[in-house]
Amino acid sequence: MESYAVLRMPQTINYGRHAFERVGEEAAERGQKALIITDKVMQELGYVSEGRDYLTKAGVESIIYTGVDSEPTDTYVAEALEMFRHHRCDIVISIGGGSCIDTAKAVAVLAKNGGYIGDYMGGKNTAQFAPAPHIAIPTTAGTGSEATDVTIITNISNDVKMMIKQPAFMPDAAIVDPLLTLSSPKHVTAATGIDALSHAIEAYISRKAHPMTDMIALSAMRLIVTTIETAYDTGENLDARESMSLGSMQAGIAFSNSSVCLVHGMSRPIGALFHVPHGYSNAMLLPVILEYSKEYSIERLADLGRIFAKEEENLTDEDAAQLAVDSVKKLCLKLNIPNLCGWGIDKQEFESVISKMASDALASGSPANNPRIPEQAEIEELYKDCFEYDFSSKSKVG
Ligand SMILES: NC(=O)c1ccc[n+]([C@@H]2O[C@H](COP(=O)([O-])OP(=O)(O)OC[C@H]3O[C@@H](n4cnc5c(N)ncnc54)[C@H](O)[C@@H]3O)[C@@H](O)[C@H]2O)c1
Ligand SMILES: [Fe+2]
460 MESYAVLRMP QTINYGRHAF ERVGEEAAER GQKALIITDK VMQELGYVSE
510 GRDYLTKAGV ESIIYTGVDS EPTDTYVAEA LEMFRHHRCD IVISIGGGSC
560 IDTAKAVAVL AKNGGYIGDY MGGKNTAQFA PAPHIAIPTT AGTGSEATDV
610 TIITNISNDV KMMIKQPAFM PDAAIVDPLL TLSSPKHVTA ATGIDALSHA
660 IEAYISRKAH PMTDMIALSA MRLIVTTIET AYDTGENLDA RESMSLGSMQ
710 AGIAFSNSSV CLVHGMSRPI GALFHVPHGY SNAMLLPVIL EYSKEYSIER
760 LADLGRIFAK EEENLTDEDA AQLAVDSVKK LCLKLNIPNL CGWGIDKQEF
810 ESVISKMASD ALASGSPANN PRIPEQAEIE ELYKDCFEYD FSSKSKVG
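Numbering of the sequence shown is given in this note's numbering, commencing with residue 460 and proceeding in unit increments.
Below, the structure written as structure tokens:
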């Protein structure tokens, strides 16, 4: 555990049912002309026109960029930035999942600091000027990106999902309204819910965890573990959606201030090369990596096990940690998570890029935060173990 710690989050978090209605006031405090960065699904659902109405009432003009697709690329960033400049906007508003929010973060920073987004990776280039104000409005629960200083953008020239982290990427304001997640289909609810759970778990077992992130990560794990299945089974259950929105935002704050670890490090290359949605690629790895890490994080995984096992009071730490791993596996089965083979990835093609994926994972720095730090060869083995992983198999004990 690190002895020195800073906790960063957006200046303002509007949270709760109907929080979306606050977007006009929040924007009017920060600018006069907004670029709304979003996708076509948000437009079809009516969220974009609803947001524009609130902005108009507050005297804020808006134009829209709807070109974002899942796993955002440097091309979307360049297109949206061009619109921001061309229309002389002074504020960015993202409406959508993590893909829209991450694109907007990059635009907000580049609008005031210039350059190519990839240059900000690994601290090569640091933002010298405050970014354009950014209001992030998530519609998934989720990435927690509304409350993180991380953006993840794919470099299309080398298929690397760049993980870029600097305080300047933190949105100024987050508007977290669970009503916006009610329309999320089952597969998106499953993928994004497991992503949120992975954030909470990795923030808690990370070598960079500290008491302030622990408190938030524990709360996030409790909220997510107790409501994820209800949100999946009965998407119209607003109480469950609300807990998931709160849990995913808390998980975002937790990991942004501690870190993610091996699951995310290994997940990004799968997303970049095989276009597996981020939450699914995490879930495909999560049980195997928790099993791999367990002996190095018994007490922390025992805390997770006790959250899953509400009624079992007399578990040893060993048993509770094992129960955490088994419960995550069961949850993946319940949420119909496929393994990599089941997703339709060709085995030979997968094996031919394992070495690149392992080096990209290591280069991201995330594996070094894991309780058990792997070598390249171990990461390669873990990829192989995940390919045809049976979520209903018995765990290796010890
Ligand atoms: N910056 C961060 O801190 C951070 C953290 C985790 C993940 N990420 C990144 O976020 C991206 C994934 O974001 P995501 O998981 O939110 O998915 P997403 O934004 O890619 O959205 C997935 C799909 O769900 C649709 N969708 C979103 N909300 C909906 C709703 N309410 N109703 C109906 N459809 C809806 C979208 O239109 C899209 O088709 C990845 O690129 C991932 O790497 C970023
Ligand atoms: Fe994630």
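For glycine and all other residues, C-beta sits at the position ideal for the given N, C-alpha and C.
Nearest-angstrom Cβ-Cβ length linking residue i and residue j, presumed shorter than 8 Å
i	j	result
Glu530	His734	6 Å
Met743	Leu790	No, Met743 and Leu790 are not in contact; Cβ-Cβ is about 13 Å, not under 8 Å.
Asp498	Gly582	Not confirmed; about 30 Å, so no contact.
Ala570	Ala589	Going by Cβ atoms, the distance from Ala570 to Ala589 rounds to 11 Å, so no, they are not a contact pair.
Val747	Asp844	5 Å
Ser657	Leu745	6 Å
Ala633	Pro797	About 32 Å separates the two Cβ atoms, so there is no contact after all.
Thr613	Asp561	That belief does not hold up - the Cβ atoms of Thr613 and Asp561 are roughly 10 Å apart, past 8 Å.
Ala655	Gly601	6 Å
Ser707	Arg467	Incorrect: roughly 17 Å between the Cβ atoms, too far for contact.
Ile472	Thr532	Ile472 to Thr532, Cβ: 28 Å. No contact.
Gly738	Ile653	5 Å
Own chain, CB closer than 6 Å to residue i, minus 5 neighbours either side, in chain order
i	result
Ile456	The requested residue 456 does not occur in the structure, where the chain is confined to residues 460 to 857.
Ser521	Ala493, Ile495, Arg511, Leu514
Ile664	Ser756, Arg759, Pro830
Met725	Leu744, Ala820
Tyr474	Val635
Gly801	none
Gln502	Thr525
Ser881	Only positions 460 to 857 of the chain appear in this structure, which leaves residue 881 out of reach.
Ile596	Ile554, Ile634
Pro644	none
Gly557	Thr602, Ser604
Asn696	Thr689
Arg727	Lys620
Ala780	Lys753, Ile757, Leu760, Ala761, Gly764
Paired residues, beta bridge with residue i - DSSP
i	result
Glu520	Lys492
Asn617	DSSP, once it has assigned bridges, lists no residue as partnering Asn617.
Asp698	For Asp698, which the question treats as bridged, DSSP gives no partner whatsoever.
Tyr474	Val635
Gly577	Partner(s): none; Gly577 has no beta bridge.
Ile550	Ala493
His593	Val551
Thr610	Ile623
Thr532	Thr613
Gly526	Asp498
Residues of its chain near residue i, where Cβ-Cβ distance is below 7 Å and the 5 sequence neighbours each way are ignored
i	result
Ser851	Leu792
Val647	Thr599
Ala464	His669, Met671
Ala627	Val568, Ala586, Pro590
Ala478	Ile634, Val635, Asp636
Asn795	Ala649
Ile766	Met680, Arg681, Val684
Cβ shell of residue i (< 8 Å), same chain only, five flanking positions each side left out
i	result
Val519	Gly483, Ala486, Ala487, Gly490, Gln491, Lys492, Ala493, Ile550
Met580	Met621, Met622, Ile623
Pro833	Leu721, Tyr751, Pro826, Leu841
Val719	Ser657, His658, Glu661, Ala662, Ser665, Ser825, Asn828
Lys516	Gly483
Arg544	Ala570
Inter-residue Cα distance where the pair is residue i and residue j
i	j	result
Pro630	Asp762	31 Å
Ala768	Ile683	14 Å
Glu461	Ala827	Because the pLDDT of Glu461 is 49, which lies under 50, any placement of that residue in the model is unreliable, and the question is left without a value.
His546	Thr686	43 Å
Gln807	Ala822	24 Å
Gly857	Ser786	Here the model assigns Gly857 a pLDDT of 40, short of 50, so the residue's position is not dependable and the matter cannot be decided.
Ser642	Ala565	27 Å
Glu771	Leu782	11 Å
His593	Ala537	17 Å
Thr651	Ser740	11 Å
Ile804	Glu847	10 Å
Ala710	Met680	8 Å
Asp618	Tyr575	16 Å
Ala713	Ile675	6 Å
Glu480	Gln625	29 Å
Pro637	Ile552	18 Å
Ile508	Ala817	In the sequence as presented, Ile is not what sits at residue 508; that position holds Ser. About 43 Å.
Thr534	Glu701	33 Å
Cys548	Asn773	59 Å
Ser678	Leu639	22 Å
Gly505	Asp778	48 Å
Glu541	Cys559	16 Å
Ala836	Arg476	48 Å
Lys788	Asn572	44 Å
Met703	Tyr691	10 Å
Ala606	Asp776	32 Å
Report the start-end ranges of each alpha helix (DSSP H) in the region 766–832 that is 4 residues or longer and not cut off at the edges. Entirely contained in the region 766–832, the alpha helix (DSSP H) runs reaching 4 residues are, in chain order, 776–793, 806–811, 813–822.
Which residue spans inside the region 625–695 form an unbroken beta strand (DSSP E) run of at least 3? 632–635, all fully within the region 625–695.
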